[in-house]
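> Going by the UniProt record's numbering, 85 is the number at position 85 of the sequence shown; the sequence numbering is gapless. I am attaching a structure below and will ask some questions about it afterwards.
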Amino acid sequence: MEKRTELYRGKAKSVFMTDDPDRLILLFRNDTSAFDGQKVEQLDRKGMVNNKFNAFIMQKLEAAGIPTQFDALLSDNECLVKKLDMIPVECVVRNYAAGSLVRRLGIEEGLQLTPPTFELFLKNDALHDPFINESHVYAFGWATPEQLARMKELTFKVNDVLNALFDDAGLMLVDFKLEFGVHQGEIVLGDEFSPDGCRLWDKATRKKMDKDRFRQGLGNVIEAYEEVAQRLGVPL
Ligand code: ADP
Ligand code: UDP
Numbered sequence: 001m002e003k004r005t006e007l008y009r010g011k012a013k014s015v016f017m018t019d020d021p022d023r024l025i026l027l028f029r030n031d032t033s034a035f036d037g038q039k040v041e042q043l044d045r046k047g048m049v050n051n052k053f054n055a056f057i058m059q060k061l062e063a064a065g066i067p068t069q070f071d072a073l074l075s076d077n078e079c080l081v082k083k084l085d086m087i088p089v090e091c092v093v094r095n096y097a098a099g100s101l102v103r104r105l106g107i108e109e110g111l112q113l114t115p116p117t118f119e120l121f122l123k124n125d126a127l128h129d130p131f132i133n134e135s136h137v138y139a140f141g142w143a144t145p146e147q148l149a150r151m152k153e154l155t156f157k158v159n160d161v162l163n164a165l166f167d168d169a170g171l172m173l174v175d176f177k178l179e180f181g182v183h184q185g186e187i188v189l190g191d192e193f194s195p196d197g198c199r200l201w202d203k204a205t206r207k208k209m210d211k212d213r214f215r216q217g218l219g220n221v222i223e224a225y226e227e228v229a230q231r232l233g234v235p236l
């Protein structure tokens, strides 16, 4: 597989064309950002840890019947994926209250949400990823009702698979964000699943083991990611 020109440079990953028009290379960088890119730092090993973590999770999800972009690990920092037409909508499931839900609704952090909530955000840095609802998705043509229904179904299926996986590793899956795209007419899970895009707390101590360590300046960010990986059995 030949790496060609850079198609897009995001806040944490770079996306490259390949000699196959249907495949892209995702390069996971060490750049770590929060608050819409206002706080940015380079964290040693982050690109490698997230690339391998994402590969491990995507393969678990694929094995559970969830269509994903993932093809193969190419190097410590790169993987090969299907080229998707990305849908600019972030799907967020919450099993426990944290982050923007706590700020917006004045809920106590850590409250268990039964059933889990499902929220949509527009992927738009300039607008700070605003909260949206299903009617916005249809009115602005970001996805059809059928596509959104499938995204919601797959997001809850991911929640079921990963709740079990993290629970076995002594971790609580507090919340997470997914992005989907279209590949050959089908809704497929894209982007990444890593501690950058979810919240994971130790079950016994409720210690934060995800990007909140960076957002909140708690330190030992990558050490926590590595501990999560080690508990799951992700080969680093
Ligand atoms: P951001 O755009 O939020 O700064 P990243 O740094 O993670 O995020 O950049 C990765 C970009 O690549 C995102 O815009 C994401 O939507 C896009 N992307 C992820 N997976 C795919 C894929 N399989 N096909 C096409 N684009 C993808
Ligand atoms: N999230 C993400 N990218 C975003 C926004 C949110 O990966 O652009 C993840 C975030 O890490 C958390 C979940 O989605 O796991 C819910 O985030 P929330 O709405 O609480 O926003 P935050 O307070 O993290 O900005």
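Beta carbons: idealized from backbone N, C-alpha and C, even for Gly.
Taking Val188 as part of the beta strand (DSSP E), name the residues at either end of that continuous run.
Glu186 to Gly190
> Roughly how many angstroms separate the alpha carbons of Arg215 and Ala98, rounded to a whole number?
13 angstroms
> Between Asp191 and Phe180, what straight-line distance do the alpha-carbon atoms span, to the nearest angstrom?
7 angstroms
> Hey, Lys211 and Ala34 are a contact pair by Cβ (cut 8 angstroms); roughly how many whole angstroms apart?
7 angstroms
> Report, in whole angstroms, the separation of the C-beta atoms of Pro67 and Glu186, which I expect to be a contact under 8 angstroms.
6 angstroms
> Would you check if the distance between the CB atom of Ala229 and the CB atom of Leu236 is smaller than 8 angstroms?
It is a contact, given that the beta carbons lie within the stated cut-off.
> Within the segment 91–130, note down every full beta strand (DSSP E) run reaching 3 residues or more, in order along the chain.
Within the segment 91–130, the beta strand (DSSP E) runs of at least 3 residues that lie entirely inside it are, in chain order, 112–122.
> Let me check you understand the geometry: is the CB of Gly185 closer than 7 angstroms to at least one non-hydrogen atom of the ligand ADP?
no
> Does the distance from the C-beta atom of Asn30 to that of Gln42 stay below 8 angstroms?
yes
> Within 10 angstroms of the Cβ of Arg94, are there 16 or more other Cβ atoms? Answer buried if so, exposed if not.
buried
> If you draw a straight line from the C-alpha of Phe121 to the C-alpha of Thr144, how long is it?
16 angstroms
> Terminal residues of the continuous beta strand (DSSP E) containing Asp71?
Phe70 to Leu73
> Alpha carbons only, please: which of Ala139, Lys83, Glu119 and Ala164 is nearest the one belonging to Phe131?
Glu119
> Any idea which residues DSSP pairs Trp142 with across the strands?
BP columns for Trp142 are empty, so no partner.
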